[in-house]
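Working notes, beginning with the structure itself.
There are 2 protein chains.
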Amino acid sequence: MGSPRPRAVVLVSGGVDSATTLAILRGQGFDCYALSVDYGQRHRAELDAAARIAKTLGALDHRVVRVDLSAFGGSALTDGALAVPVAGPQPDSIPVTYVPARNTVLLGLALAYAEVTGAGDIGFGANAVDYSGYPDCRPQFVEAFEALANIATKSAVEGRPMRIHAPLMQMSKAQIVREGARLGIDYSMTVSCYQADDAGRACGACDACRLRRAGFLGAGLADPTRYFATSV
Amino acid sequence: MGSPRPRAVVLVSGGVDSATTLAILRGQGFDCYALSVDYGQRHRAELDAAARIAKTLGALDHRVVRVDLSAFGGSALTDGALAVPVAGPQPDSIPVTYVPARNTVLLGLALAYAEVTGAGDIGFGANAVDYSGYPDCRPQFVEAFEALANIATKSAVEGRPMRIHAPLMQMSKAQIVREGARLGIDYSMTVSCYQADDAGRACGACDACRLRRAGFLGAGLADPTRYFATSV
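Residue numbers (my numbering), protein chains in the order written: chain A, 428 to 659; chain B, 428 to 659.
Written as structure tokens, this is what we have:
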């Protein structure tokens with residue numbers, strides 16, 4: 428009998444970045460527990476995609492926790508009264524697709540799941556290059572959360588440190604897609620679009636679609652995305 | 428017209444400590460927005476109590492957000508398979524009523540609500556004296572969360588700092604009850620018991636009931652708690 432494999436909780440949204448993060452942590456030898464959070468997003472296709480990704484990439488378990496951030500409003504992703512922007516990124520401003528305190532809540536839930544499963548590691552697909560407008564996608568946010576996690580938990584008090592892995596932090600979308608392809612990910616099972624339809628088909632116009640398309644183009648790989656707009 | 432009053436989000440659980448925290452922040456001149464989190468507790472009486480407290484103590488709004496921490500298990504408060512202890516506190520150990528990462532998730536949700544309401548302050552009834560076994564009730568936890576909040580949010584990036592108030596941190600239960608009584612709180616509307624019945628009546632035997640009773644006794648005040656066990 429060898430020593431048990433270390434365990435990691437990985438936040439899996441259904442998109443390219445979190446799928447790649449899961450594949451990277453699996454490749455590093457972690458037994459992975461996938462966690463998806465239904466926070467009142469406008470569509471459910473990405474949760475279906477998350478389930479496919481967790482299973483295909485070998486997660487030992489996949490949990491979905493519902494927390495209704497739309498009760499607060501304030502984001503185009505959870506508030507039906509705000510339009511999803513299609514004009515491309517605006518320099519030096521925080522997009523309306525920013526969900527207040529989203530990653531603090533997501534990592535808090537991942538921390539809870541990590542404590543229960545005995546995991547000492549959390550995988551998180553944050554990226555500071557493409558999401559430069561989101562304060563909770565920056566390296567200093569990940570460092571601050573790791574510091575909090577090492578104070579907040581029973582595990583930490585008992586001497587088992589918690590580490591937050593954000594392996595994509597400084598990668599371009601093209602680099603992410605290339606790394607995922609190297610690890611064998613079939614990205615046709617992922618959904619990135621902010622307004623995908625129920626079948627998981629993408630609009631091709633929102634910021635998430637633009638980033639994703641540019642990533643495949645930059646990586647020199649065929650874009651496996653299914654679009655619902657025929658003009659795309 | 429005077430300048431607008433500062434806004435604070437206050438986490439209100441339905442118990443003595445959070446009600447007192449709300450009264451203290453109101454007394455300090457904040458317009459208060461109450462937030463309760465339904466995290467899969469065993470009983471609903473405390474959420475009913477939270478609504479009464481928010482209204483009676485003058486909160487401008489009260490939101491309830493559901494997040495099902497019981498999906499993870501691991502705590503006697505959210506996992507039906509674990510018994511609520513009635514033997515009194517055990518020295519130097521973390522109680523089974525500890526909910527993994529609970530206060531990280533609760534403060535994360537308070538942070539989201541604060542961003543949406545434009546609040547720069549969060550009130551949190553953590554107490555390091557009576558809950559010494561809970562890692563996320565310590566002053567260093569509050570400091571670490573405040574540091575995180577000042578990195579994580581759009582508000583922080585735009586130069587509006589976030590402050591976490593935990594005014595009860597170093598108070599005994601007797602001091603808390605005395606302070607609340609001075610501020611006019613009717614504690615009969617609060618529920619502390621870990622296994623209260625649907626009418627909000629308490630068992631009188633669990634750790635939360637013991638602490639509460641000792642608090643009124645120590646403060647020299649009549650205990651307004653309604654108990655369901657006639658032998659108490």
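Quick reminder that beta carbons are idealized off the backbone N, C-alpha and C, glycines included.
Quick caveat, the model's predicted, so the values are computed rather than measured.
Can you tell me whether A:R432 is buried or exposed, with buried defined as 16 or more other CB within 10 angstroms of its CB?
-> As a first step, residue 432 of chain A must be located in the first sequence, where it is residue number 5. The residue is exposed, with fewer than 16 neighbouring Cβ atoms inside 10 Å.
What residue range is occupied by the uninterrupted alpha helix (DSSP H) comprising A:Y540?
-> One-based indexing of the first sequence puts residue 540 of chain A at position 113. Annotation for A:Y540: the continuous alpha helix (DSSP H) segment containing it runs 529–544.
Please name the residues in the region 527–542 of chain B whose beta-carbon is closer than 9 Å to at least one beta-carbon of chain A, in chain order.
-> Those residues of the region 527–542 of chain B that come within reach of chain A (Cβ to Cβ, closer than 9 Å) are P527, A528, R529, N530, T531, V532, L533, L534, G535, L536, A537, L538, A539, Y540, A541, E542.
Hey, could you find the ends of the alpha helix (DSSP H) B:A450 is sitting in?
-> As a working mapping, residue 450 of chain B is identified with position 23 in the second sequence. 443–454 is the span of the alpha helix (DSSP H), which, as asked, contains B:A450.
Under the three-state DSSP convention, the category A:R628 falls into | One-based indexing of the first sequence puts residue 628 of chain A at position 201. Coil, per DSSP.
When the Cα atoms are used, what is the spatial distance from B:A446 to B:R453?
-> As a working mapping, residue 446 of chain B is identified with position 19 in the second sequence. As a working mapping, residue 453 of chain B is identified with position 26 in the second sequence. The alpha-carbon atoms of B:A446 and B:R453 are separated by roughly 11 Å.
Could you work out which residue in B:F655, B:R493, B:G631 is closest to B:G467 when comparing CA atoms only?
-> One-based indexing of the second sequence puts residue 467 of chain B at position 40. Taking only the C-alpha atoms, the option nearest B:G467 is B:R493.
Round the Cβ separation of A:A486 and A:L449 to the nearest angstrom and send it over; I've been treating them as touching at under 8 Å.
-> Position 59 of the first sequence, counted from the first residue, corresponds to residue 486 of chain A. Position 22 of the first sequence, counted from the first residue, corresponds to residue 449 of chain A. So it is a contact: roughly 7 Å between Cβ atoms.
How many Å lie between A:A737 and B:S430 at the Cα?
-> Nothing in the structure corresponds to residue 737 of chain A, since chain A is present only between 428 and 659.
Please decide whether A:T448 counts as near chain B, where near means a Cβ-Cβ distance under 8 Å.
-> The count along the first sequence starts at 1 and reaches residue 448 of chain A at position 21. It does not; no Cβ of chain B falls within 8 Å.
Chain A partners of B:Q567, CB-CB under 9 Å?
-> For the purposes of this step, residue 567 of chain B is identified with residue 140 of the second sequence, where counting begins at 1. Residues of chain A passing the Cβ test: I578.
Straight-line Cα distance separating A:R434 from A:Q455 | Reading the first sequence from its first residue, position 28 is the one you call residue 455 of chain A. Reading the first sequence from its first residue, position 7 is the one you call residue 434 of chain A. Cα to Cα, the separation comes out at about 11 Å.
Quick one: which chain B residues come within Cβ less than 8 Å of A:P562?
-> Position 135 of the first sequence, counting from 1, holds the residue named residue 562 of chain A. Against chain B, the beta carbon of A:P562 has neighbours under 8 Å at I578, A579, T580, K581, A583, V584, listed in chain order.
Taking only the alpha-carbon atoms, compute the straight-line gap between B:G550 and B:R529 and give it to the nearest angstrom.
-> The residue given as residue 550 of chain B occupies position 123 in the second sequence. The residue given as residue 529 of chain B occupies position 102 in the second sequence. Linking B:G550 to B:R529 through their CA atoms gives a straight-line distance of about 16 Å.
Touching or not, the region 579–586 of chain A and the region 608–628 of chain A, by the rule of three or more beta carbon pairs under 8 Å?
-> These segments do not touch.
C-beta neighbour in chain A for B:Y525, strict 8 Å | Mapped onto the second sequence, residue 525 of chain B falls at position 98. Nearest CB-CB separation between B:Y525 and chain A: below the 8 Å threshold.
Can you give me the Cβ contacts of B:R653 inside the same chain, cut-off strictly under 6 Å, excluding the 5 residues immediately before and after it?
-> Position 226 of the second sequence, counted from the start, is the residue given in the question as residue 653 of chain B. In chain order, R628 place their CB closer than 6 Å to the CB of B:R653, counting only its own chain and leaving out the 5 sequence neighbours on each side.
With a cut-off of 8 Å, do at least 3 Cβ pairs link the region 474–482 of chain A to the region 559–576 of chain A?
-> No: fewer than three Cβ pairs fall under 8 Å.
Which residues does DSSP pair with A:I591 in a beta bridge?
-> Along the first sequence, read from residue 1 onward, the residue named residue 591 of chain A stands at position 164. The partner list for A:I591 (beta bridge, DSSP) reads A:I549.
Please check the pair B:T531 and A:L575, which I expect to be a contact at CB under 8 Å, by giving their CB distance rounded to whole angstroms.
-> Locating residue 531 of chain B in the second sequence gives position 104, where the first residue counts as 1. Locating residue 575 of chain A in the first sequence gives position 148, where the first residue counts as 1. Indeed, because the Cβ distance is near 7 Å, the residues count as touching under 8 Å.
Beta carbon of B:V496 nearer than 8 Å to that of A:A539 | Within the second sequence, the letter at position 69 stands for residue 496 of chain B. Within the first sequence, the letter at position 112 stands for residue 539 of chain A. In the sequence under discussion, the amino acid at residue 496 of chain B is Leu, which differs from the Val named in the question. Their beta carbons are under 8 Å apart, which means B:L496 touches A:A539 by this criterion.
Assigned exposure category for A:G631 - 16 Cβ within 10 Å defines buried | Along the first sequence, one-based indexing puts residue 631 of chain A at 204. Classified as buried, A:G631 has 16 or more neighbouring CB atoms from the shown chains inside 10 Å of its CB.
Contact with chain B by A:G545, beta-carbon distance below 8 Å = Numbered from 1 along the first sequence, position 118 holds the residue referred to as residue 545 of chain A. At a cut-off of 8 Å, the C-beta of A:G545 has no neighbouring C-beta in chain B.
Range of the contiguous beta strand (DSSP E) that encloses A:S463 = Counting from one through the first sequence, the residue named residue 463 of chain A turns up at place 36. Element bounds for A:S463: 458–465.
Alpha-carbon spacing of A:D488 relative to A:G500, whole angstroms | Sequence index remark: in the first sequence, residue 488 of chain A carries index 61 (1-based). Sequence index remark: in the first sequence, residue 500 of chain A carries index 73 (1-based). Using only the alpha carbons, I get a separation of about 31 Å.
B:R493 touches chain A at which residues, Cβ-Cβ below 9 Å?
-> Residue 493 of chain B sits at position 66 when you count from the first residue of the second sequence. The answer, in chain order, is R493, V494, D495, A498.
Are A:A579 and A:A646 close, meaning C-beta to C-beta below 8 Å?
-> Looking up residue 579 of chain A in the first sequence gives position 152. Looking up residue 646 of chain A in the first sequence gives position 219. Result no, Cβ atoms of A:A579 and A:A646 do not sit closer than 8 Å.
Cβ of B:F572 within 8 Å of any chain A Cβ = Within the second sequence, numbered from 1, the residue matching residue 572 of chain B stands at position 145. Yes, contact with chain A.
Compare the Cα-Cα distances from A:A608 to each of A:T544, A:P651, A:A541, A:D465 and report the closest residue.
-> Residue numbering aside, residue 608 of chain A sits at position 181 when the first sequence is read from its first letter. Residue A:P651 is the option with its Cα nearest to A:A608.
Roughly how many angstroms lie between the CA atoms of A:F568 and A:L648, to the nearest whole one?
-> To locate residue 568 of chain A, count along the first sequence from 1; it is residue 141. To locate residue 648 of chain A, count along the first sequence from 1; it is residue 221. Here the alpha carbons of A:L648 and A:F568 stand approximately 32 Å from one another.
What are the boundary residues of the alpha helix (DSSP H) that includes B:D563?
-> On the second sequence, position 136 is the one that residue 563 of chain B refers to. Looking at the DSSP string, B:D563 is not in any alpha helix (DSSP H), and its letter there is neither H nor E.
So A:I480 and A:V436 are in contact, right, with Cβ under 8 Å, and what is the actual spacing, rounded?
-> Residue 480 of chain A sits at position 53 when you count from the first residue of the first sequence. Residue 436 of chain A sits at position 9 when you count from the first residue of the first sequence. Not confirmed; about 15 Å, so no contact.
Using 8 Å as the limit for Cβ to Cβ distance, is A:L438 near chain B?
-> Residue mapping note: residue 438 of chain A aligns to position 11 of the first sequence, counting from 1. Chain B contact via Cβ: absent.
Close beta carbons around A:G642, own chain, < 6 Å, minus the five adjacent residues each side = Counting from one through the first sequence, the residue named residue 642 of chain A turns up at place 215. Excluding residues within five positions, the ones whose Cβ falls inside 6 Å are K600, A601, V604.
Cβ-based neighbour list, A:P594, same chain, cut-off 7 Å, excluding 5 preceding and 5 following | By one-based count along the first sequence, residue 594 of chain A stands at place 167. Correct list, in chain order: T448, I451.
Roughly how many angstroms lie between the CA atoms of B:T544 and B:T483, to the nearest whole one?
-> Here the question's residue 544 of chain B lines up with position 117 in the second sequence. Here the question's residue 483 of chain B lines up with position 56 in the second sequence. Approximately 21 Å between the Cα atoms of the pair.
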